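Notes follow the structure.
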């Protein structure tokens with residue numbers, strides 16, 4: 039009898055562990071292709087509601103009068119937002135304090151309160167470059183952000199540093215010999231869905247222009263210079279994109295031919311998004327490592343960089359598609375002098 043009881047206990051525990059890895063219903067499937075062709079989009083309304091509740095932007099501050107003297111004529115050392123009116127400038131500064139400054143520091147997080155034009159704090163110089171970047175995203179990357187646009191809050195969500203970022207991660211090393219280097223594989227990493235694939239596809243593919251398109255256009259692999267390691271990095275990045283956007287593969291791909299472009303229009307949007315992220319990291323983020331303190335750097339000496347989850351936070355559209363640029367036109371293209 040004792041052995042039967044032990045077996046039943048083991049069965050119950052095993053079932054509980056199995057079910058713990060499953061998503062609680064109700065799931066919903068939306069057919070976007072012929073049945074049986076694996077072109078279904080699977081979602082869970084309960085999960086979607088939770089994500090929407092966690093990704094609502096703060097209420098926009100009342101719009102400011104765009105007329106009057108420019109900020110550059112009133113305040114010292116305004117190099118990026120000098121085209122704004124005084125009211126717009128103050129409104130944006132107050133919003134940035136809400137979006138990312140620690141509550142106990144407010145304006146003092148970036149500024150020397152004795153001299154607001156002083157650049158001695160590294161946060162001041164980082165914020166300036168981030169404003170340059172944000173205006174560039176809203177102006178030069180409409181192929182990805184459209185007219186929805188982004189603000190500082192899209193990434194920061196009330197934190198001084200965005201929480202969803204990546205740094206160089208060589209992963210744990212084996213004891214020696216053949217297992218001395220795992221090539222970033224076979225240990226859990228949440229950023230790539232806890233798979234056994236490489237845990238850091240981002241450095242090569244999102245911080246540099248590594249090749250992502252690895253499938254061969256012919257029946258045989260002859261002439262395809264891509265390696266198995268290239269393919270694994272690509273799969274790892276795709277899993278991150280799926281997790282980061284809260285979607286499955288058919289959101290962007292024609293599952294009958296993953297290399298074809300005759301699928302959902304989101305693939306083109308994602309294509310531009312990958313290139314936008316590379317531009318963010320190479321042109322705006324990585325150069326800032328030279329001015330950051332050691333505590334802001336990773337174990338390999340690099341600073342935190344962005345990937346898809348930084349903005350999307352498990353939603354197909356960041357902040358549920360909230361019109362960030364409409365609410366904060368100050369972060370659009372610089373305005374000509376009146």
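In my numbering, the protein residues as written are 39 to 376.
Beta carbons: idealized from backbone N, C-alpha and C, even for Gly.
This structure is a prediction, so every number in the text was calculated from the model and none was measured.
Q: Grab the span of the beta strand (DSSP E) containing residue 81 for me, first residue to last.
A: 78 to 81
**Q.** residue 69 - containing beta strand (DSSP E), residue span
**A.** 66 to 69
Q) By Cβ distance, which residues of its chain are closer than 6 angstroms to residue 351, with the 5 residues on each side in sequence left out? A) 93
Q. Where are the alpha helix (DSSP H) runs, 4 residues long or more, that stay fully inside the region 119 to 182, in chain order?
A. 124 to 138, 160 to 178
**Q.** Assigned exposure category for residue 356 - 16 Cβ within 10 Å defines buried
**A.** buried
Q: State the DSSP-derived secondary structure class of residue 341, mapped to helix, strand or coil.
A: strand
Q: Can you grab the Cα-Cα spacing for the pair residue 364 / residue 134, in whole Å?
A: 16 angstroms
Q: Mind checking which residues open and close the alpha helix (DSSP H) that includes residue 349?
A: 346 to 350
Q) Does DSSP classify residue 364 as helix, strand or coil? A) helix
Q: With distances taken Cα to Cα, identify the nearest neighbour of residue 239 among 288, 208, 124.
A: 208
Q. Does the distance from the C-beta atom of residue 289 to that of residue 202 stay below 9 angstroms?
A. no
Q | Straight-line gap, residue 263 to residue 248 (C-alpha atoms, nearest Å) | A | 13 angstroms
Q | Heavy atom of the ligand GDP within 8 angstroms of residue 313 beta-carbon | A | This structure lacks the ligand GDP, and indeed carries no ligand of any kind.
Q: Determine, using beta carbons only, whether residue 186 and residue 362 come nearer to each other than 9 angstroms.
A: yes
Q: Please work out which residues of its chain come closer than 7 angstroms, Cβ to Cβ, to residue 118, disregarding the five sequence neighbours upstream and downstream, and give them in chain order.
A: 166, 169, 170
Q. Taking the alpha helix (DSSP H) that residue 305 falls in, what are its first and last residues?
A. 304 to 317
Q.
Whole angstroms are fine: how far does the CA of residue 284 sit from the CA of residue 56?
A. Any reading at residue 56 is ruled out, since the residue's pLDDT is 49, under 50, leaving its predicted position unreliable.
Q. For residue 79, which of 302, 199, 88, 261 has the nearest alpha-carbon?
A. 302
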